[in-house]
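A.B. asks: Once you've had a glance at the structure underneath, I'll fire off some questions.
In the working numbering, the protein residues as written are 177 to 709.
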């Protein structure tokens, strides 16, 4: 492995920068090979983050890039729930919260191992996972089921298991988003978020999973573009805060591995700083890898200028480069054998075991002739195909699909059908999406659905945020899957058909709006988890 001292200033700067290659850029007909390779040769980027494409394309592009790099590249991807999240043809696991509901860290370790093994096969060597945030804010529009749950102890156990399992397969992992993105109602992709917790609560709730990741040997930790007024000024994102990055993460938590920014093109940064200036401030704060700057070449120039005017020292630059090269050296060991068993079998097992009956009789049966209503909120009907097909096995009288913008005529028709039906199965498929800016149903849509189900025996099935069911306090039963993969849709329909099979434990505390409603829960509402050590 090349040493940091052998790199020129420009090469060292290049090692800090991690540009983006989106799926559309990777395809054969749109891949600008000459430009990509020319920039790699000139600037010596430290790595890339890849987005959605197919297996053959990713494998070909990663091999090409590695073959032209003087220093081996870190090839990263957001693979929080399996390598299939970003690469067609690989396994799409249930989201992290499904694993939290099953609450078997051995299965989470296996998920990490399989994700890593499949990623490695296509040239991805750095997983931007696991999510170490604690889901404790029902209005959080971006974390939700990406987290293992709302109890710090449970989240910590699963974070450590994922890190151990994945890194056993010869890849790097990255716990995110420090100092904790779970307790905010803002999506930092769109604007600067704020966490209002005091330091005591941060210590007790938000930081134990990150400490668990550190203790498990996590290779990297990703920062969050959110302000924490208890720790620094209310307009300073954690990514740019020396108090948080160096003071808390490095010094208080004792972490000396890689620190990578969240994407520098996100609104949580660009709304408060010019992008290239933010990159310099992130380095001064203590970050090592600059992820997805809007203009990597301008970022390179800004760092060069900061060195020239004395804002940034060469010692600080090479400190980060040394960490980056040390992380790359961890990837040079012999490739381990693939894990035992089957990735697909693991995904199916967890999809089945995670189903949670959060309210309602254990022996509930759906009667024939019911009204099946499926709300497709930010998802195409083709992506709900498994549920819509399997629900037919329960012999519904009418099957209806809705979108949030359905017209008044359809609402009137549905209301007429609801009045004459003895039972409604309301399924809500509402994935967490970047910039969607909500995880719960908006008031107008909610009021219509509540009116639709008023006075009729109803069960609500939430295929995303578990807090969605809390918006239907009068429902007879609530069922949770914590995701909408094809397997999760299939397993939920089977469980309703069989009248059994809901083995999951609720991994979050349902909100106070449910006071007086008896629920099936394993996480007390006031749970704060263990004190941070």
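Note that beta-carbon positions come from the ideal geometry of N, C-alpha and C, so glycine has one too.
Quantities reported herein were computed from a predicted structural model and do not represent experimental measurements.
Look at residue 515 and residue 277 and say whether their C-beta atoms are less than 8 Å apart.
C.D. replies: The residue given as residue 515 occupies position 339 in the chain shown. The residue given as residue 277 occupies position 101 in the chain shown. In this structure, residue 277 does not lie closer than 8 Å to residue 515 by Cβ.
A.B. asks: Please report the residue range of the alpha helix (DSSP H) in which residue 528 lies.
C.D. replies: Looking up residue 528 in the chain shown gives position 352. Run containing residue 528: 519 to 529, per the alpha helix (DSSP H) assignment.
A.B. asks: Mind pulling the beta strand (DSSP E) runs of 3 or more residues that sit fully within the segment 600 to 675?
C.D. replies: Qualifying beta strand (DSSP E) stretches, in chain order: 633 to 638, 653 to 656.
A.B. asks: Determine which residues share a DSSP beta bridge with residue 478 and list them.
C.D. replies: Counting from 1 along the chain shown, the entry for residue 478 is found at position 302. Paired residues: none, contrary to the question.
A.B. asks: Measure the alpha-carbon distance for residue 367 versus residue 205 and round it to whole angstroms.
C.D. replies: Counting from one through the chain shown, the residue named residue 367 turns up at place 191. Counting from one through the chain shown, the residue named residue 205 turns up at place 29. Distance between the alpha carbons of residue 367 and residue 205 is about 34 Å.
A.B. asks: Does residue 226 get closer than 8 Å to chain B when you measure Cβ to Cβ?
C.D. replies: The question asks about chain B, but that chain is absent: this structure has only one protein chain.
A.B. asks: Just to confirm my understanding: we take residue 420, look at its own chain, exclude 5 residues before and 5 after, and list those with CB closer than 7 Å. What are they?
C.D. replies: Sequence index remark: in the chain shown, residue 420 carries index 244 (1-based). Excluding positions up to five away in sequence, the list reads 355, 404, 407, 408, 414.
A.B. asks: Less than 8 Å between the beta carbons of residue 347 and residue 383, yes or no?
C.D. replies: Looking up residue 347 in the chain shown gives position 171. Looking up residue 383 in the chain shown gives position 207. It is not a contact, given that the beta carbons lie outside the stated cut-off.
A.B. asks: State the CB to CB distance for the pair residue 605 and residue 550, rounded to an integer number of angstroms; the pair is presumed to be in contact (CB under 8 Å).
C.D. replies: Indexing the chain shown from 1 puts residue 605 at position 429. Indexing the chain shown from 1 puts residue 550 at position 374. Their Cβ separation, rounded to whole angstroms, is 7 Å, which keeps residue 605 and residue 550 in contact under 8 Å.
A.B. asks: Give me the residue from 501, 448, 450, 490 with the minimum Cα distance to residue 465.
C.D. replies: The count along the chain shown starts at 1 and reaches residue 465 at position 289. It is 501.
A.B. asks: Apart from the five residues on each side of it in sequence, which residues of its chain come closer than 8 Å, Cβ to Cβ, to residue 216?
C.D. replies: For the purposes of this step, residue 216 is taken as residue 40 along the chain shown, with counting starting at 1. Closer than 8 Å at the Cβ level, and outside the excluded window around residue 216, lie 241, 244, 245.
A.B. asks: Mind reading off the beta-carbon distance from residue 392 to residue 336? Whole number of angstroms is fine, and I expect it under 8 Å.
C.D. replies: Locating residue 392 in the chain shown gives position 216, where the first residue counts as 1. Locating residue 336 in the chain shown gives position 160, where the first residue counts as 1. Confirmed, Cβ separation roughly 4 Å.
A.B. asks: In the DSSP assignment, the alpha helix (DSSP H) including residue 564 goes from what residue to what residue?
C.D. replies: Taking the chain shown and counting its residues from 1, one reaches residue 564 at position 388. Here the alpha helix (DSSP H) through residue 564 covers 561 to 566.
A.B. asks: From this set, 239, 218, 233, 253, which residue's C-alpha is nearest residue 196's C-alpha?
C.D. replies: Here the question's residue 196 lines up with position 20 in the chain shown. The residue with the shortest Cα to Cα distance from residue 196 is 253.
A.B. asks: Express the C-alpha separation of residue 555 and residue 182 in angstroms, rounding to a whole number.
C.D. replies: Translated into positions along the chain shown, residue 182 becomes position 6. Translated into positions along the chain shown, residue 555 becomes position 379. In a straight line, the C-alpha of residue 182 is about 50 Å away from that of residue 555.
A.B. asks: Among the candidates 324, 621, 423, whose CA atom is the shortest distance from the CA of residue 680?
C.D. replies: Within the chain shown, numbered from 1, the residue matching residue 680 stands at position 504. Looking at the Cα atoms, 324 is the closest of the given residues.
A.B. asks: Can you look up residue 487 in the DSSP assignment and give me helix, strand or coil?
C.D. replies: Looking up residue 487 in the chain shown gives position 311. The answer is coil: DSSP assigns residue 487 none of H, G, I, E or B.
A.B. asks: Can you grab the Cα-Cα spacing for the pair residue 548 / residue 373, in whole Å?
C.D. replies: For the purposes of this step, residue 548 is identified with residue 372 of the chain shown, where counting begins at 1. For the purposes of this step, residue 373 is identified with residue 197 of the chain shown, where counting begins at 1. Residue 548 and residue 373: Cα-Cα distance of roughly 42 Å.
A.B. asks: In three-state DSSP terms, what is residue 497?
C.D. replies: As a working mapping, residue 497 is identified with position 321 in the chain shown. Here residue 497 sits in helix by DSSP.
A.B. asks: Measure the C-alpha to C-alpha separation of residue 646 and residue 535 and round it to an integer number of angstroms.
C.D. replies: Here residue 646 is taken as the residue at index 470 of the chain shown, counted from 1. Here residue 535 is taken as the residue at index 359 of the chain shown, counted from 1. Using only the alpha carbons, I get a separation of about 10 Å.
A.B. asks: In this structure, how does DSSP classify residue 348 when only helix, strand and coil are distinguished?
C.D. replies: For the purposes of this step, residue 348 is taken as the residue at position 172 of the chain shown. Three-state DSSP puts residue 348 in a strand.
A.B. asks: Looking at the unbroken beta strand (DSSP E) that takes in residue 574, where does it start and where does it end?
C.D. replies: Position 398 of the chain shown, counted from the first residue, corresponds to residue 574. That run of the beta strand (DSSP E) goes 574 to 578.
A.B. asks: In the DSSP assignment, find the alpha helix (DSSP H) that holds residue 219 and state where it starts and stops.
C.D. replies: By one-based count along the chain shown, residue 219 stands at place 43. Per DSSP, residue 219 belongs to the alpha helix (DSSP H) from 209 to 219.
A.B. asks: If we count the other Cβ atoms within 10 Å of its Cβ and call it buried at 16 or more, is residue 504 buried or exposed?
C.D. replies: Working through the chain shown from its first residue, we reach residue 504 at position 328. It is buried - the Cβ of residue 504 has at least 16 other Cβ atoms within 10 Å.
A.B. asks: Relative to the C-alpha of residue 668, which residue among 569, 370, 423, 250 is closest?
C.D. replies: Translated into positions along the chain shown, residue 668 becomes position 492. Measuring from the Cα of residue 668, the nearest candidate turns out to be 569.
A.B. asks: In whole angstroms, give me the CA-to-CA distance for residue 654 and residue 641.
C.D. replies: Within the chain shown, numbered from 1, the residue matching residue 654 stands at position 478. Within the chain shown, numbered from 1, the residue matching residue 641 stands at position 465. Spanning the two alpha carbons is a distance of roughly 12 Å.
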